[in-house]
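Numbered per full-length UniProt numbering, the sequence shown spans residues 1 to 150. By construction, the Cβ of each residue, glycine as well, lies at the ideal position given by its N, Cα and C atoms.
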Amino acid sequence: MTSTSVRITEMIVEMINPTTLNIDWCPVLKGDSLRGYKIRYAMKDISSYNEIFVTPGISNYTLSGLRQNTEYVISVNSVDENEVIIRNCGFGIHKTDVLEDESRRRHESPYVTAIAAVLLLLLALVVPITFLFVRKCEPCIILLHLLTDS
Numbered sequence: 001m002t003s004t005s006v007r008i009t010e011m012i013v014e015m016i017n018p019t020t021l022n023i024d025w026c027p028v029l030k031g032d033s034l035r036g037y038k039i040r041y042a043m044k045d046i047s048s049y050n051e052i053f054v055t056p057g058i059s060n061y062t063l064s065g066l067r068q069n070t071e072y073v074i075s076v077n078s079v080d081e082n083e084v085i086i087r088n089c090g091f092g093i094h095k096t097d098v099l100e101d102e103s104r105r106r107h108e109s110p111y112v113t114a115i116a117a118v119l120l121l122l123l124a125l126v127v128p129i130t131f132l133f134v135r136k137c138e139p140c141i142i143l144l145h146l147l148t149d150s
């Protein structure tokens, strides 16, 4: 899986893994009215959203526990004491990825089982046949040695 960063206005969204996104935004210069940052995120086309408040001095946040392979609408706004927006620090849509290892394991698992079964079957057939051949052909092997030594 490759890590991707997408520049969305003044915000960078980086996928940490298929269920975790890191948001990084340009901080607002501290002023008397700056209370902090309000991060809102929701799955695209869903009306309800999650809201997180971050204090001034912090300009990144990690969203975890997201659904894989899902588009999320993300916004970051600086707010004052009354939670009135001072500035939009970023807005955009970002899609989480798919867990490659998990999907690959689901597809490969039957093949690994089949290969192991074939190998065990071959081993179960070859070993007894080899012992049977050696026991029945022991006189032939002795005769072959006598002929080649002369």
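Proximity to P27 [Cα-Cα], best of L66, A116, C89: C89
Out of K30, N60, S59, N69, point me to the one whose CA is closest to V98's CA. N69
Determine the extent of the beta strand (DSSP E) in which V76 is found, giving its start and end residues. 71-79
List the DSSP bridge partners of A114. Answer is none; A114 lacks a bridge partner.
Return the chain-ordered list of same chain residues with a C-beta closer than 8 angstroms to the C-beta of T62, the five sequence neighbours on each side being excluded. I16, T20, L21, N22, I23
Whole-Å CB distance - S75 paired with F53, under 8 angstroms assumed: Incorrect: roughly 13 angstroms between the Cβ atoms, too far for contact.
Please name the residue, chosen from E14, L123, S47, that lies closest to S64 on a Cα-to-Cα basis. E14
Candidates K136, H94, V79: closest to P18 by CA position: H94
Straight-line gap, T55 to Y37 (C-alpha atoms, nearest Å): 6 angstroms
Hey, could you find the ends of the beta strand (DSSP E) E51 is sitting in? 50-54
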